[in-house]
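Each residue of the sequence shown is one higher than the last, beginning at 1 in my numbering. Yeah, the Cβ is synthetic: ideal placement off N, Cα and C, and Gly gets one too. A quick write-up on the structure given underneath.
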Amino acid sequence: MSTVDGPKRDTVQVPGAPVRILLIQAPYYDEIVGGMRQGVERVVAEAGGLLEVVDVAGAFELPATLRMALDADDEEPRWDGFVLLGCVVRGETDHYDHICREACSGVMNISTETGAAIGFGLLTVHTIEQAIARSRQDSHNKGAEAAQAALMQVALRRRWGLA
Numbered sequence: 001m002s003t004v005d006g007p008k009r010d011t012v013q014v015p016g017a018p019v020r021i022l023l024i025q026a027p028y029y030d031e032i033v034g035g036m037r038q039g040v041e042r043v044v045a046e047a048g049g050l051l052e053v054v055d056v057a058g059a060f061e062l063p064a065t066l067r068m069a070l071d072a073d074d075e076e077p078r079w080d081g082f083v084l085l086g087c088v089v090r091g092e093t094d095h096y097d098h099i100c101r102e103a104c105s106g107v108m109n110i111s112t113e114t115g116a117a118i119g120f121g122l123l124t125v126h127t128i129e130q131a132i133a134r135s136r137q138d139s140h141n142k143g144a145e146a147a148q149a150a151l152m153q154v155a156l157r158r159r160w161g162l163a
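Below is the structure:
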């Protein structure tokens, strides 16, 4: 599915206490990730949620930081859900392929292992222009989409008594 034909969603309203979201971002491309972060901030605010933000060096560090955050939850979880943001632009070497594959696999492994509520907003693009199109403040903002996904997962976890 491309950005243009993605579904338009209303902000998810999660029953219960205000949702606490941890945003883990890799601001290597600061303008791009900053635009996606604004989308996350908007969606979480519309849902009446609380947002905490941490930065990591790059996309490769996203899964490890997610794992650390999940491990940091003691008896009482600190966060109900997580949003991960980053951007990898294809270059002239194989580095792009390795980073994209490992970051995506790492997050998916944690997701299926833990059932954590995760919104994954890692742009894997061929050009900066593609990244800019996905980080603008319009209905195609991938940060906003990732936040919606996380909220939907939090709502399911609460509905099924997992949170």
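Check: Alpha-carbon spacing of D97 relative to D55, whole angstroms; Outcome: 22 Å
Check: Among F60, A26, P18, the one whose alpha carbon lies nearest that of E46; Outcome: P18
Check: 6 Å CB neighbourhood of E52 in its chain, flanking five on each side removed; Outcome: L22
Check: Contact between the region 105 to 121 and the region 58 to 66 (3+ Cβ pairs under 8 Å); Outcome: yes
Check: Member of D94, Y28, D80 whose CA lies at the smallest distance from the CA of P15; Outcome: D80
Check: Check whether I110 and R67 have beta carbons under 8 Å apart; Outcome: yes
Check: Residues that R157 bridges to, as DSSP identifies them; Outcome: None; R157 has no bridge partner.
Check: Host alpha helix (DSSP H) of T112 (start-end); Outcome: 95 to 114
Check: Backbone CA spacing between G49 and R78 [nearest angstrom]; Outcome: 13 Å
Check: Enclosing beta strand (DSSP E) for T124 [first to last residue]; Outcome: 118 to 125
Check: Inside the region 6 to 65 only - alpha helix (DSSP H) runs reaching at least 4 residues; Outcome: 30 to 46
Check: Rounded C-alpha distance that separates V83 from G121; Outcome: 7 Å
Check: Between the CA atoms of L85 and R37 - distance to the nearest angstrom; Outcome: 8 Å
Check: Three-way DSSP call (helix, strand, coil) for L84 in this model; Outcome: strand
Check: Contact set for Y28: own chain, Cβ-Cβ below 6 Å, skip 5 residues either direction; Outcome: G58
Check: Assigned exposure category for T127 - 16 Cβ within 10 Å defines buried; Outcome: exposed
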